[in-house]
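One structure below.
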Amino acid sequence: MMQCSPNCPLFFYIGQLDETNHRFKYLIELHVSSTIITTTAAAIQHEYGAADAGTCRECYEEASETEEELKREIEELKSKVNFLRFWSPVDSRSHHYHRSTTPCFTDVLLVAFDEDSGKPVANSVPVPANKAVLTSRSPVFRAMLETEMEESLSGTIKISDVSYDALRAFVNYLYTAEACLDDEMACDLLVLADKYEVKHLKIYCEKFLISKLNWESSLLSYSFAHQHNANNLLDASLSIILDNMEKVSKREEYMELVEKDPRIVVEIYEAYLSKQVNTAAAADSHEDKSTSTSSPFSPRRRQPAFPPTRASLISASMAIKGKKSQKKPNRKEIVSVKSKKKNDILSESDMEDEELQQQQSINSDEGGDSGSELSLDGDDTYARDVLGGNDDEVKGSGSDSELDSGSDSDRDPQAESAAIDRESAIVQQEGQDELQLNIKEQPDEFRLPTQEELEEEARGPPDLTGLQQRIKEIVRILSNFSSLRQEGATRKQYIEQLKLDLGSYYGYNEYLISSFVEMFPPVELMELIEAFEKPRPITLRTNTLKTRRRDLAGVLLNRGINLDPLSKWSKVGLVVYDHQVPYGATPEYMAGHYMVQSASSFLPVMALAPQEKERIVDMAASPGGKTTYIAALMKNTGIIYANEMKEKRLSKLTSNLQRLGVTNTVVCSYDGKELPKVLGHNTADRVLLDAPCSGTGVISKDESVKTSKNAIDVQNFSRLQKELILAAIDMVDANSKSGGYVVYSTCSLMVVENEDVIDYALKKRDVKLVPCGLDFGRPGFVRFRERRFHPSLEKTRRFYPHVHNMDGFFVAKLKKMSNSKGVPGTYSEVQEEEVEEGSEIMEEEIPQQKQKKEVLRKEKKTSNDASLKRKKQEEKPAAFEKRKKYKPPPREEISKAREEKREALREAKKKTKSSIKKR
Ligand SMILES: C[S@@+](CC[C@H](N)C(=O)[O-])C[C@H]1O[C@@H](n2cnc3c(N)ncnc32)[C@H](O)[C@@H]1O
């Protein structure tokens, strides 16, 4: 049976519906309404034109059917359509009228139910459906219908808070995986999708709503998303809110939200603050590089466009306390805002929801003024904000009293009962107490713990909340050190404390945390570490030797694996959102239609860009994710040597090659360093060296790395990698017509395993770096602390979990320039001048590290001197030109400047001494 993609208008899928319940052996799913199918089916009978055939033609061609077979199939299809029309829920209104006269195979009714009246929604009729379909689409329906619940006994499911049209559209979606959306329908269906856990529909609606988002609707969308756990919509709305905070905070809905759902306001504000801090930190690190003293992010400049006043926060805090069962804005409100009919919002929601109406009136009576105060107070200085404020300000600020007096004076004594007064007084008191408590608990000025305090801490169990708070504070201070630091405290002290705290809180060893601290500014460091705490998205790579991505996606979606194309940069990747079946055990997986493979590991193969009929070596191949991708790109032509040194890892490699139908690969097992002897020098068109490494980019997958890798391990990996890369280069034929490339990659973030290895190869062989052909990723380091690498290292690419939402990865692509071994003519040496200053956040180094580096430095200097001498004789004029560009100031100048400084110091000392003597 032909099986088309879900995008295909003729899509239908025949499969076993419910393995546990064999009432229906097969279910024919109509992808579109029966009318459309009939029309399409008729259209199919004509000759396929290039313009209108589209997917059907491809599906048709793929199935390699003859015209006769197709016609027969169309006839069959037509008869199925006629058959299905009898019971199609899509046509339920007319179906309902004929219900008594036509056969009906449905076994459950869905009723749009009005909870208030206890009756079905006016002008609605029950929508018939099949239990089997509902249970296969929704775990909630499954629970209802497969257990002895009222719904399964009565065969009727009452669905409240839904319009009849939305219910029909919902059922239609369950059958066809299609929905025709407008703003309102998207909201309605999202509510239902959330309630009945139809995840793909929810994502679909979210995508639609996100596409319609604008700053005016962002707040209500955010609130709506909150209510219905729509995380994608939530993120998108929040991002728009944050970009338009000033305008958004002046909107009526904002004021209402402060009253109705202050938690949301607090959440938005927290996100806003965090964004401010991040922006400031980024700007600070940029600023630090210049000598300017006036920072645009001094506390004054950092004042947010919309600082919530103490009054608003107290009001929010009290509202949180006092909130009973206030309803959040509903979908109708969002729709109204989208149509920019602000006035309609209230009336519509008022009409719709009495409870909300009452609540709003109470709120406007009690807190109306606080709402307007909030906007007036928008001009308050940041010092009045909760972050910059102090106890005195809290007590003395007019906000509290204004709030109270404002609300009192506005109250209508007739309207409020004494009970409400009492309750409100208690709530206010509680709110104030809580605020005071919080203020007392949080000292205004952060100070580093003393040695005694640290010892005391070490005696007790770890105080995670305290640690977290201290980490935040240190990061904040380091991001604007000159303004925020504690008097007399050095940056090094903060860094040392930060390392200790990060180590204890996140469980890293000292070496690893120090390495990351050296690599990233504080705010980014936190982002990286936090990103390591979360898993990366699950990604699949379509095996194009066996299937096409859209076909695979269609099949997997039908199996309950929610997915989407991975990204613009990959034509074969899919990202899995969630799955009701194990994605590593589907029939398609077994049949080798895809590989479960992290997004980052696509990149080296894309950089390698293997061509058909080439001779390619994959030096470290198991488990074969990259080998099988190379084979697919080569369409199983040419030859791949897939090498894996460790014997016990060979079976995984071979079984993957077999599963994915790879036939152009020879598996071998040698130490990669020996491979040139085995496979020959200058014989391969391309070599991939996906090197064994410390794995410091994949901590989210393997937490043990946090503690298991130390400086010695990393140095050992670096040594091995350097040997392997030379072997890789030696195998490549510089005269290859199509290739001559080596791609080097690691899943490590360590500079010694990445830039250092490439720099070494550039010095040892006649190779040059070329662009990786990946239009994203950060350039590799050209300088790192005291190290200086060849300027072309900027062509390498670094990928980070917190930036690219994929595992940490490094990719470099080298072109072999000549087959002559030995010293390259193209390496333009950049002197590895020692730098006086440390990294941005390290002022001084711990003695141990200093010592180690001193040894390394000496070693390096000796080898560099020798290699420099050699290269000086060989360098071509062009390379010399380049070198000039990057040359630091001459040593003479530096020593002269130093000498002058020393002289000045001596003079100053002399003067001081003589003045002391005089006294
Ligand atoms: C990063 S993994 C390779 C992953 C693989 N390229 C993939 O995409 O599925 C590195 C592999 O190198 C192997 N290996 C370690 N030392 C080696 C050596 N000296 N020569 C060749 N392979 C080695 C390890 O056993 C490991 O399987």
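First residue of the sequence shown: 1, per full-length UniProt numbering; consecutive thereafter.
Don't be surprised by glycine CBs; every beta carbon is placed ideally from N, CA and C.
As the structure is a computational prediction, the values presented were derived from the model and not from experiment.
Query                                                                                                                              : Result
Uninterrupted beta strand (DSSP E) stretches inside the stretch 773–819 (no shorter than 3 residues)                               : 797–799, 809–816
Integer Cβ distance of V171 from V127, believed to fall under 8 angstroms                                                          : 5 angstroms
Buried or exposed by the 16-neighbour rule on C-beta atoms within 10 Å, applied to T628                                            : buried
Pair within 9 angstroms by beta-carbon distance, Y173 and V191                                                                     : no
Beta-carbon proximity of A281 to P522, cut-off 9 angstroms                                                                         : yes
Three CB pairs or more closer than 8 angstroms across the stretch 455–465 and the stretch 247–265                                  : no
Cβ-Cβ separation, A169 to L153 (assumed contact under 8 angstroms), whole Å                                                        : Not really, about 27 angstroms apart at Cβ, beyond 8 angstroms.
4 or more residues per run - each alpha helix (DSSP H) lying fully within the stretch 134–203                                      : 139–145, 150–154, 164–176, 183–195
Residue of T696, L660, I616 minimising C-alpha distance to S666                                                                    : First, the amino acid is wrong: residue 666 is Val here, not Ser. Answer by Cα proximity: I616.
Opposing strand residues paired with H228 [DSSP bridges]                                                                           : Paired residues: none, contrary to the question.
Secondary structure of V581, DSSP reduced to three states                                                                          : coil
G503 CB to nearest heavy atom of ligand 1 below 8 angstroms                                                                        : no
Own chain, CB closer than 7 angstroms to K750, minus 5 neighbours either side, in chain order                                      : Per the sequence shown, residue 750 should be read as Met rather than Lys. Cβ within range, chain order: S515, S694, T696, V714.
Nearest-angstrom Cβ-Cβ length linking A236 and I210, presumed shorter than 8 angstroms                                             : 4 angstroms
Proximity of E151 and V108 at Cβ, strictly below 9 angstroms                                                                       : yes
Close beta carbons around M645, own chain, < 7 angstroms, minus the five adjacent residues each side                               : S669, Y670, D671, G672
Residues of its chain near R536, where Cβ-Cβ distance is below 7 angstroms and the 5 sequence neighbours each way are ignored      : S598, S700, P801, N805, M806, D807
Cβ neighbour criterion (16 or more within 10 Å) applied to L677                                                                    : The identity of residue 677 in the sequence shown is Lys, whereas the question assumes Leu. It is exposed - the Cβ of K677 has fewer than 16 other Cβ atoms within 10 Å.
The stretch 571–581 touching the stretch 538–546, judged by at least three CB pairs closer than 8 angstroms                        : yes
CA nearest to the CA of V687, picked from L726, N656, E473                                                                         : L726
The stretch 758–766 / the stretch 523–530 touching (three or more Cβ pairs under 8 angstroms)                                      : no
Reference M255; option with closest CA among A177, G507, L219, L201                                                                : L219
Own chain partners of N278 with C-beta closer than 6 angstroms, once the 5 adjacent residues on each side are dropped              : V523
The stretch 599–613 contacting the stretch 737–746, beta-carbon criterion three pairs below 8 angstroms                            : yes
R128 - containing beta strand (DSSP E), residue span                                                                               : According to the sequence as given, residue 128 is Pro; it is not Arg. Residues 127–129.
S601: first and last residue of the uninterrupted alpha helix (DSSP H) it sits in                                                  : It is not in any alpha helix (DSSP H) - S601 carries neither H nor E in the DSSP assignment.
Backbone secondary structure at Y670 - three-state DSSP                                                                            : coil
Beta-carbon contacts of A632 that lie in its chain and below 7 angstroms, excluding the five residues immediately before and after : N543, T544, L545
D365, DSSP secondary structure in three states                                                                                     : Only weak support is given to the placement of D365: the predicted model assigns it a pLDDT of 35, under 50, and the question is left unresolved by the model.
A620 CB to nearest heavy atom of ligand 1 below 8 angstroms                                                                        : yes
Short Cβ contact (9 angstroms threshold) for F781 with R798                                                                        : yes
Heavy atom of ligand 3 within 8 angstroms of K626 beta-carbon                                                                      : Absence of ligand 3 from the depicted structure is noted, with ligand 1 being the only ligands included.
Burial state of F602 (16 or more Cβ within 10 Å)                                                                                   : buried
Bridge-paired residues (DSSP) for residue 946                                                                                      : For the chain, the structure presents residues 1 to 919; residue 946 sits outside this window and is missing.
Any non-hydrogen atom of ligand 1 closer than 8 angstroms to R686 Cβ                                                               : no
Among S651, A642, K709, T654, the one whose alpha carbon lies nearest that of A684                                                 : A642
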